[in-house]
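>
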Amino acid sequence: MSLLQGGRAAVLMTSMCLLGACGGGSDPAADAPAGAAAPTASTATDSAAAAPKAGRLQAYLGENVCEVLSPAQLQQAFGAPAEVTVQPSPSRHDTSCSYSWPRPDADARQQAMLQAMMQNASRAPGEKIQLDMRKLAGEYSVSVGLKQTEATADRFVPPKLSEAELEERIRLATEAANKRLTDEQRKLVGDSAGDMASSMIRKTNDRVVIEGIGDAAYWLPIMGGTLNVLEGDVQITITPMLAEDMDGDIEAAKRVYSLLGQ
Numbered sequence: 000m001s002l003l004q005g006g007r008a009a010v011l012m013t014s015m016c017l018l019g020a021c022g023g024g025s026d027p028a029a030d031a032p033a034g035a036a037a038p039t040a041s042t043a044t045d046s047a048a049a050a051p052k053a054g055r056l057q058a059y060l061g062e063n064v065c066e067v068l069s070p071a072q073l074q075q076a077f078g079a080p081a082e083v084t085v086q087p088s089p090s091r092h093d094t095s096c097s098y099s100w101p102r103p104d105a106d107a108r109q110q111a112m113l114q115a116m117m118q119n120a121s122r123a124p125g126e127k128i129q130l131d132m133r134k135l136a137g138e139y140s141v142s143v144g145l146k147q148t149e150a151t152a153d154r155f156v157p158p159k160l161s162e163a164e165l166e167e168r169i170r171l172a173t174e175a176a177n178k179r180l181t182d183e184q185r186k187l188v189g190d191s192a193g194d195m196a197s198s199m200i201r202k203t204n205d206r207v208v209i210e211g212i213g214d215a216a217y218w219l220p221i222m223g224g225t226l227n228v229l230e231g232d233v234q235i236t237i238t239p240m241l242a243e244d245m246d247g248d249i250e251a252a253k254r255v256y257s258l259l260g261q
């Protein structure tokens, strides 16, 4: 990884952590809007009574994650070929499984990606553009992540932030990211650290509530987009690269969700 790539990774990771995406449970008091009353004994009792039930996907947590979706299901639903690459990806926070297979125009897309990356590399740090991976990726792919959660349906979808709250998150993310950067990375990244943090936090605030699946669900439009679903005490994340635009991938992710554990 280059110094510039490492700098960008530090900014992205710090922004995600400040947005609560680095794992760990959510603290109701910390998540409540400014001025909101702290949970009382009564509300705590109500929350305990409404604790999530064991999800039907419990059996697939951990080492069994790749059994939650089969290549045969992808072949039937998305026309995948007989051979689908299946790769488990355990992490500290959840376990996930990725599935991929080549696009018919993979060679042309690979050439287009190399050309776009070379053009981007020649741009100054503040002038680099985000590549549209849906148009450049040489393969179809989907990643399914599962983790146990104590979240409840009424608190699963994060509340939208006001402009003042957004600005404060961006300020904190920029400061924290700059502290993580080395001097060399800071020189290369320059002012783009704040721009990257701002872009990610604002996109995260543009989350879309998805009705009709699981106990609660929303689409997070960053890094291509991810469908987040709460089902019982299991949080499911589905990151698709199966369509030509985001709306198509939202529908594809919903279709993948319907196949899980079947």
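Position one of the sequence shown corresponds to residue 0 (this note's numbering), numbered consecutively onward.
All C-beta atoms, glycine included, are put in the ideal place defined by N, C-alpha and C.
Everything numeric in this text was worked out from a predicted model, so none of it was measured.
(1) Return the CA-CA distance between Ala-178 and Val-156, expressed in angstroms with no decimal places.
(2) Take Ala-76 and list the residues in its own chain whose beta-carbon comes closer than 7 angstroms to its own, dropping the five residues that flank it on each side.
(3) In whole angstroms, what separates the C-alpha of Gln-86 from that of Arg-102?
(4) If you check the beta carbons only, do Thr-234 and Ala-150 fall under 8 angstroms apart?
(5) On the criterion of 16 or more Cβ atoms from any shown chain inside 10 Å, does Arg-122 qualify as buried, or is it exposed?
(6) Roughly how many whole angstroms lie between the Cα atoms of Arg-133 and Met-240?
(7) By Cβ distance below 6 angstroms, which residues in the same chain neighbour Cys-65 in space, the five residues on each side in sequence not counted?
(8) In angstroms, rounded to a whole number, what distance separates the CA positions of Asp-106 and Ala-53?
(9) I'd like to know whether the C-beta atoms of Ala-81 and Leu-73 end up nearer to each other than 8 angstroms.
(10) So, is Gly-247 buried or exposed, given that buried needs 16 or more other C-beta atoms within 10 angstroms?
(11) Might you give, ordered along the chain, the residues of its own chain that have their beta carbon closer than 8 angstroms to the beta carbon of Gln-261, omitting 5 neighbours on each side?
(12) Which runs of the beta strand (DSSP E) spanning at least 3 residues fall entirely within the segment 180-246, listed in chain order?
(13) Quick one: grab the DSSP three-state call for Leu-135.
(14) Tell me where the alpha helix (DSSP H) around Pro-70 begins and ends.
(15) Spell out the partners DSSP gives Gly-144 in its beta bridges.
(16) Based on DSSP bridge pairs, tell me the residues matched to Ser-272.
(17) Along the chain, where does the alpha helix (DSSP H) that runs through Arg-154 open and close?
(18) Val-207 to Tyr-217, Cα distance in whole Å?
(19) How many Å lie between Ala-251 and Val-67 at the Cα?
(20) To the nearest angstrom, how far is the alpha carbon of Glu-268 from that of Thr-94?
(21) For Thr-148, count the other beta carbons within 10 Å of its own beta carbon; 16 or more makes it buried, fewer makes it exposed. Which is it?
(22) Please report the distance separating the alpha-carbon of Lys-202 from that of Glu-162.
(23) Report the residue from Ala-242, Gly-224, Gly-137 and Pro-158 whose alpha carbon sits nearest the alpha carbon of Thr-236.
(24) Restricting to Cα atoms, I'd like to know which of Glu-166, Pro-70 and Asp-194 is closest to Tyr-98.
(25) Within 10 angstroms of the Cβ of Met-222, are there 16 or more other Cβ atoms? Answer buried if so, exposed if not.
(26) Quick check: the Cα distance between Asp-232 and Arg-154, rounded to an integer number of angstroms?
(27) Closest to Tyr-256 by CA distance: which of Glu-243, Glu-230 and Thr-181 is it?
Checking against the coordinates, here is how it stands:
(1) Position 179 of the sequence shown holds residue 178. Position 157 of the sequence shown holds residue 156. Here residue 178 turns out to be Lys, not Ala, going by the sequence shown. Going from the Cα of Lys-178 to the Cα of Val-156 covers about 30 angstroms.
(2) Here residue 76 is taken as the residue at index 77 of the sequence shown, counted from 1. Sequence-distant partners of Ala-76 (beyond 5 residues in either direction) whose C-beta falls short of 7 angstroms from its own C-beta, in its chain, are Arg-254 and Leu-258.
(3) Indexing the sequence shown from 1 puts residue 86 at position 87. Indexing the sequence shown from 1 puts residue 102 at position 103. One Cα belongs to Gln-86, the other to Arg-102, and the distance between them is close to 18 angstroms.
(4) Along the sequence shown, read from residue 1 onward, the residue named residue 234 stands at position 235. Along the sequence shown, read from residue 1 onward, the residue named residue 150 stands at position 151. Note that residue 234 is Gln in the sequence shown, not Thr. Contact: yes.
(5) Here residue 122 refers to the residue found at position 123 of the sequence shown. Arg-122 comes out exposed.
(6) Locating residue 133 in the sequence shown gives position 134, counting from the first residue. Locating residue 240 in the sequence shown gives position 241, counting from the first residue. C-alpha separation (whole angstroms): 7 angstroms.
(7) Working through the sequence shown from its first residue, we reach residue 65 at position 66. The residues are Val-85, Pro-87 and Cys-96.
(8) If you number the sequence shown from 1, residue 106 lands on position 107. If you number the sequence shown from 1, residue 53 lands on position 54. Their Cα atoms are separated by approximately 45 angstroms.
(9) Here residue 81 is taken as the residue at index 82 of the sequence shown, counted from 1. Here residue 73 is taken as the residue at index 74 of the sequence shown, counted from 1. Not in contact: Ala-81 and Leu-73 (Cβ atoms no closer than 8 angstroms).
(10) Within the sequence shown, residue 247 is the residue found at index 248, counting from 1. Around the beta carbon of Gly-247, fewer than 16 other beta carbons lie within 10 angstroms, which makes this residue exposed.
(11) Counted from its first residue, the sequence shown places residue 261 at position 262. Scanning its chain for C-beta atoms nearer than 8 angstroms, with the 5 sequence neighbours on each side dropped, one finds around Gln-261 the residues Gln-72, in chain order.
(12) Within the segment 180-246, the complete beta strand (DSSP E) runs of at least 3 residues are 215-219, 225-230 and 233-240.
(13) Along the sequence shown, read from residue 1 onward, the residue named residue 135 stands at position 136. Helix, per DSSP.
(14) Taking the first residue of the sequence shown as position 1, residue 70 is located at position 71. Per DSSP, Pro-70 belongs to the alpha helix (DSSP H) from 70-77.
(15) One-based indexing of the sequence shown puts residue 144 at position 145. Answer is Ser-95 and Thr-236.
(16) Because the chain is modelled from 0 through 261, residue 272 falls outside the range shown and cannot be assessed.
(17) Position 155 of the sequence shown, counted from the first residue, corresponds to residue 154. Note, Arg-154: alpha helix (DSSP H), 152-155.
(18) Within the sequence shown, residue 207 is the residue found at index 208, counting from 1. Within the sequence shown, residue 217 is the residue found at index 218, counting from 1. Their backbone Cα atoms lie some 5 angstroms apart in a straight line.
(19) Residue 251 sits at position 252 when you count from the first residue of the sequence shown. Residue 67 sits at position 68 when you count from the first residue of the sequence shown. CA-to-CA, the gap between Ala-251 and Val-67 works out to about 16 angstroms.
(20) The requested residue 268 does not occur in the structure, where the chain is confined to residues 0 to 261.
(21) Reading the sequence shown from its first residue, position 149 is the one you call residue 148. The residue in question, Thr-148, is buried, as its Cβ has 16 or more Cβ neighbours within 10 Å.
(22) For the purposes of this step, residue 202 is taken as residue 203 along the sequence shown, with counting starting at 1. For the purposes of this step, residue 162 is taken as residue 163 along the sequence shown, with counting starting at 1. Rounded to whole angstroms, Lys-202 to Glu-162 spans 13 angstroms at the Cα level.
(23) Here residue 236 is taken as the residue at index 237 of the sequence shown, counted from 1. The residue with the shortest Cα to Cα distance from Thr-236 is Gly-224.
(24) Indexing the sequence shown from 1 puts residue 98 at position 99. Of Glu-166, Pro-70 and Asp-194, the residue nearest in Cα terms is Pro-70.
(25) Within the sequence shown, numbered from 1, the residue matching residue 222 stands at position 223. So Met-222 ends up on the exposed side.
(26) What you label residue 232 is simply residue 233 of the sequence shown in a count that begins at 1. What you label residue 154 is simply residue 155 of the sequence shown in a count that begins at 1. For Asp-232 and Arg-154, the distance between alpha carbons rounds to 13 angstroms.
(27) Position 257 of the sequence shown holds residue 256. Of the listed residues, the one whose Cα sits closest to Tyr-256 is Glu-230.
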